[in-house]
Amino acid sequence: MDSKTQDVRRVDVGGGFGIVEAQAEDVLKSAVTAVGDAAYRWSIDNDTLSWSPGAQALLGISDISKMATHRDFAARLVTEGLSRYELICRSRESDTGAGVPYELEYQVCDDFGGMRWVEDRGRW
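Numbering (the working numbering), first residue to last: 16 to 139.
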């Protein structure tokens, strides 16, 4: 690598994201929105949720800031048995570095008196 070439994987843009990660996240958000889905990032340490564009309409929420934390989101869930948190965080699988995959289906109460089915997939 010559002196004019920058290793973008090591450049920090603030918030802990490198340039490559930030660009990949923008591409992911665009793709998710284009197919009519939504995505979120849950920071367990401080219980904050960051939602992709389109989540508000998809979930039927008039103001997405009403679901800024997992607690806010969990209050809208129609649950039977174990909670979403328990299903995700208390899995018997262990993380070997790539995260533990999960897939859940549940209902979320919207702001209009209805319920919306959610298929939630990811890694913790």
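Each residue gets a CB set at the ideal place from its N, CA and C atoms; glycine is no exception.
D135 lies in the beta strand (DSSP E); which residues open and close that run? Counting from one through the sequence shown, the residue named residue 135 turns up at place 120. Residues 130-138.
Rounded C-alpha distance that separates V115 from G137: Numbered from its first residue, the sequence shown carries residue 115 at position 100. Numbered from its first residue, the sequence shown carries residue 137 at position 122. Taking the straight line from one Cα to the other gives about 8 Å.
CB of S67 within 8 Å of CB of Y55, strictly: For the purposes of this step, residue 67 is identified with residue 52 of the sequence shown, where counting begins at 1. For the purposes of this step, residue 55 is identified with residue 40 of the sequence shown, where counting begins at 1. A contact, by the Cβ cut-off of 8 Å.
So if DSSP puts V123 in a beta bridge, which residue, or which two residues, is it bridged to? One-based indexing of the sequence shown puts residue 123 at position 108. Answer is L92, R131.
Just curious, the alpha helix (DSSP H) that A70 is in, first and last residue? Locating residue 70 in the sequence shown gives position 55, where the first residue counts as 1. Note, A70: alpha helix (DSSP H), 70-74.
Contacting residues, own chain, Cβ-Cβ under 7 Å from R86 (five flanking each side not counted): The residue you call residue 86 lines up with position 71 of the sequence shown. Same-chain partners within the cutoff: D62.
Any contact of the stretch 107-114 with the stretch 76-92, i.e. 3+ C-beta pairs under 8 Å? no
Between the Cα of G129 and those of Y117, L119, G75, E118, spot the shortest distance and give me the residue it belongs to. One-based indexing of the sequence shown puts residue 129 at position 114. When only C-alpha atoms are compared, the closest one is G75.
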